[in-house]
Amino acid sequence: MRKNVHAMALRDAEPRDIPAILALYNLAVRETTAAWTSQEETLDERITWFENRRNGGWPVIVAVDKDDQVIGFASYGPFRPREGYRKTVEHTVYVDPGFQGQGIGVKLLECLIDAARDQDVHVIVGVVDGDNTASIALHKKLGFEISGRLPEAGTKFGRWLDLVFLSKVITPDMVSPPM
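Position one of the sequence shown corresponds to residue 65 (my numbering), numbered consecutively onward.
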């Protein structure tokens with residue numbers, strides 16, 4: 065059932081939001097191909113994820129309704145662990161299915177792009193199931209380009225899934241830092 069959000073706000077996530085973030089993530093694990101795993105996370109695992117993001121200086125943003133209930137979240141972190149990738153991040157955006165199609169994902173991703181620019185990130189990457197046309201359209205709307213497609217790179221629900229990389233250079237004039 066789709067719900068209308070009349071008043072939505074974005075804010076930094078707080079520890080009290082972790083159970084709601086976990087619920088959204090685990091819903092996606094159970095019902096979608098947004099997360100290529102069948103293993104739901106525990107509360108302790110999501111707390112560790114949250115603490116690692118915060119301790120690393122990475123944003124965790126929540127979208128909340130007028131009653132301050134979490135209806136979406138977004139974050140980014142390191143793209144790959146090697147130092148040559150230190151100016152590139154990979155993001156994630158999840159929106160409660162009852163609130164999808166109302167621009168919440170756009171607002172969350174715009175917020176991440178702004179945060180990345182403020183942190184002197186050069187490239188932000190999204191990694192999406194190739195059949196997730198809504199997510200691909202969202203990224204394209206915000207200036208992301210399809211940078212690559214890995215056919216049948218994963219599997220879930222008994223079928224092969226294509227992996228699509230979408231990227232956006234957000235600081236095009238940045239000088240490459242030395243190694």
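For each residue, glycine too, the CB sits at the ideal point set by N, CA and C.
| Asked | Found |
| --- | --- |
| Cβ neighbour criterion (16 or more within 10 Å) applied to Phe221 | exposed |
| Complete alpha helix (DSSP H) runs within the segment 96-184 (minimum length 4 residues, chain order) | 107-119, 168-182 |
| Touching by the beta-carbon criterion (3+ pairs, under 8 angstroms), the segment 113-121 and the segment 147-164 | no |
| Local Cβ density within 10 Å of Pro142, reported as buried at 16 or more and exposed below that | exposed |
| Rounded Cβ spacing between Glu105 and Tyr89 (contact assumed at less than 8 angstroms) | 6 angstroms |
| With 16 other Cβ atoms within 10 Å as the buried cut-off, status of Asp131 | exposed |
| Where Val239 sits in the DSSP three-state scheme | coil |
| Range covered by the beta strand (DSSP E) that runs through Ala217 | 209-220 |
| Contact under 7 angstroms by Cβ, Val187 with Val124 | no |
| Buried or exposed (CB count within 10 angstroms, at least 16 for buried), Asp193 | buried |
| According to DSSP, residues forming a beta bridge with Val228 | Val192, Arg213 |
| Status (buried if at least 16 other CB within 10 Å, exposed otherwise) for Lys204 | exposed |
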